[in-house]
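Below: one structure, written as structure tokens.
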Amino acid sequence: MRRVLLTLLLSCLAVPALADPAGIRVSPTPEGVRVDYRLAGPASRLAFPSAVSPEARMTALDEGVTVAPDGLTSLQPRADFSLLFGPDRVRVDATYPVVSRLGEGWMIHLPSLLADVGDGLGPEDVVIEPGPGWAVVAGPVEPSADGFVYVGPDVSSPTEGTRTIIDPAVPVWLTDDARAALETSNAFFAEGLAIPAPGRPVLLMGALPPEDRSTYVGDVTANGVINLQFATRMLPAGRDSRFTDLVVPFVAHETFHVWQGNGFRDEEGINGRWLTEGSAEYFSLLAQAAQSPEAAGRSRQVLARRFGACLSAMDLKSEGLLHLDEAAAQATRYDCGTVSQWLADLQTRSSGGLFGIWRGLLTRPDGYGVSEFRALLAEHPSAGDAGQAALLDGSTEIRGAVVSALDAMGARLSPADPGRVAWAQAALWPLLNSSCSGQRGIRTDDGRFFLDTGDRCGSLSGDLQAVSIDGQRFDVSAEAAFHAVEAACASRGAVTVGLMDGETVREVEASCSRAASPPPPAYTIASIP
């Protein structure tokens, strides 16, 4: 018998006692979330089905029990284990935080709390005791508990189509932008798809732990809960377009994933995730473009960047998007997936466009995949077919085929300078890749370039702002800075990097043992039919 105790109604839940011998009970506390596991029989080990985030804060509450990311171990066999999850220290890429503070409540990733208690229980079977006056908000997509849930005070802001729960630490202006992006994109998708909504998308928006150095992190879990966490120390009190330009596309992208649900099917021998990611990105651009002429211009700029990055990646390939190895598939799924969807939209423009294709995919009772997508496209022959086939199946001239297809369908592209941000990043990455022994990154803030290096990158360590290379300042001559690195890398030599250390520029030498690649060719989109 299922014990689904999650509800989307903001009300106090009356929770019955566990009726079965095995079960999992979750109770919020001031310090975090207490989880009580009752096994079908005594055991000396309780294993988690997959490794919990290494940054999870777990404390065993039973004497003689030790805890590790993969499970609990007891000196003596026992039928009950109790564990306290405190908020994760930082959010690790590709690993969900188990527990995060969200205002006075908690954002909990229920699948991470599962353990082998003997019944093969799923997230839906977890009993949550929210406490007096608290509520549980789960996702709109079934199973509704298969992802993040919110447990806390009744602070949600429901509208006709969406629900948001936002930490008071997030500035009001960004809260308004995120909520508006959720509502407008969801309404846009509802009108275009013209199918029953999967439910009201839920947005949980909170603050990253102080130890986390990310600007923001987020995605959507399988139950349709969009989660977004910010380093609030970096958010200004007044409106800042830099953060709005991050949040609005993100929320729209993840909202389309909610509409996609869990119907996508992988097919053996085919890389297919570009279909879900590329469509979410392309529909996000459409939703933003519908808001104003200025927004439409920004969407065309993003589409042009995706186009240039995709073709640059595919210039080195001939096998096509469907047949790339996993590393290449991950690197191209957003850029080339977006280009594929753009082509498909133009290919079907006379018969309903991409919304019609996705209406057909999302209403299939047995799910969908790449084969179904291509079958629907085949029902609408067009001048773009050869370009789509070259991108997906492969060709010795993928770039030429795609550009010709767009031209035949009325889209006009013009070459453009990649811009100083692209040139600066192209200059810095080979130096970081040559110097760093661990995580590395570049954060762009208002045209400035900050290195994420910690103590892992030799002379470039210290998380400082990079301002120049061999005297070529990024704010004046970023392309020249790249060519200095390019020459050094070709000879396995070194360059002088100017780092802002306090109020002064400190020059350090950085060697290069990796090839330097110029930024992807840039384009402007002059017109789209």
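Letter by letter, the sequence shown follows residues -19 to -1, 1 to 510 in mature numbering (1 follows the signal peptide of the UniProt record, and there is no 0).
Where a beta carbon is used, it is the ideal one built from N, C-alpha and C, also for glycine.
Neighbourhood of residue i by C-beta, 6 Å cutoff - its chain only, sequence neighbours within 5 removed
i: Ala37; result: Asp69, Val79
i: Leu305; result: Asn252
i: Ala261; result: His234, Phe237, His238
i: Ala126; result: Leu(-14), Leu91, Pro104, Glu105, Ala119
i: Met390; result: Leu327, Ala364, Gly365
Own chain partners of residue i with C-beta closer than 7 Å, once the 5 adjacent residues on each side are dropped
i: Val402; result: Thr425
i: Val229; result: Asp158, Ala162, Gln269
i: Ser293; result: Pro501, Pro502
i: Ser195; result: Arg72, Leu189, Ala212
When the options are compared against residue i, the one with the closest alpha-carbon
i: Val478; options: Glu44, Pro104, Leu412; result: Leu412
i: Pro92; options: Val71, Ala119, Leu83; result: Ala119
i: Leu163; options: Ser363, Pro346, Ser265, Pro11; result: Ser265
i: Tyr77; options: Gly114, Ser55, Gly142, Val206; result: Val206
i: Leu214; options: Asp193, Arg82, Glu360, Ile109; result: Here the sequence assigns Arg to residue 214, which means Leu is not the residue at that position. Comparing Cα positions, the closest option is Asp193.
i: Arg26; options: Pro58, Met39, Arg6; result: Pro58
i: Gly318; options: Leu227, Phe224, Arg287; result: Arg287
i: Ala465; options: Cys493, Asp148, Leu445; result: Cys493
i: Gly259; options: Ser137, Trp323, Gly250; result: Trp323
i: Gly348; options: Phe463, Arg15, Arg246, Glu488; result: Arg246
i: Val33; options: Val48, Ser385, Leu42; result: Val48
i: Asp148; options: Thr485, Val136, Gly142; result: Val136
i: Asp398; options: Ala364, Asp366, Ala459; result: Ala459
i: Asp374; options: Thr434, Leu327, Leu303, Leu441; result: Leu303
i: Ser222; options: Glu12, Ser508, Ile506, Asp427; result: Asp427
i: Pro111; options: Ala392, Ile506, Ile89; result: Ile89
i: Gly439; options: Ala359, Leu358, Val489, Leu64; result: Val489
i: Arg144; options: Leu155, Asn167, Val183; result: Val183
i: Gly67; options: Pro50, Asp51, Arg15, Asp43; result: Arg15
Bridge partner(s) assigned by DSSP for residue i
i: Asn252; result: The partner list for Asn252 (beta bridge, DSSP) is empty, contrary to what the question assumes.
i: Ala397; result: Ala503
i: Glu12; result: Bridge partners of Glu12: none, in fact.
i: Gln406; result: Gln406 pairs with nothing; no bridge assigned.
i: Asp200; result: Asn208
i: Ala28; result: Gly52
i: Val98; result: Looking at the DSSP assignment, Val98 forms no beta bridge with any residue, so it has no partner.
i: Ala116; result: Gly133
Cut-off 8 Å between Cβ atoms - residues of its own chain near residue i, not counting five sequence neighbours on either side
i: Arg437; result: Cys417, Ser418, Gly419, Gln420, Arg421
i: Ala496; result: Pro411, Cys470, Ala471
i: Pro134; result: Gly84, Glu85, Gly86, Gly114, Trp115, Ala116
i: Ile379; result: Leu292, Met295, Asp296, Lys298, Ser299, Gly301, Ala371, Leu372
i: Leu343; result: Leu174, Ile176, Trp240, Gln241, Gly242, Gly244, Tyr349
Reduced DSSP secondary structure (H/G/I, E/B, other) of residue i
i: His90; result: strand
i: Ile338; result: helix
i: Phe463; result: helix
i: Asp17; result: strand
i: Val351; result: helix
i: Glu258; result: helix
i: Arg495; result: coil
i: Met(-19); result: Confidence is the limiting factor: at Met(-19) the pLDDT is only 30, short of 50, which leaves the residue's position unreliable, though a coordinate-based value still follows. Correct three-state label for Met(-19): coil.
i: Ser55; result: strand
i: Val79; result: coil
i: Ala290; result: helix
i: Arg487; result: strand
i: Ala41; result: strand
i: Arg314; result: helix
i: Pro177; result: coil
i: Leu189; result: coil
The region 98 to 105 contacting the region 18 to 31, beta-carbon criterion three pairs below 8 Å: yes
If contact is defined by three or more beta carbon pairs under 8 Å, each pair taking one atom from either stretch, is the region 160 to 179 in contact with the region 338 to 349? These segments touch.
Would the region 266 to 286 and the region 339 to 359 be scored as touching if the rule is three or more Cβ pairs under 8 Å? no
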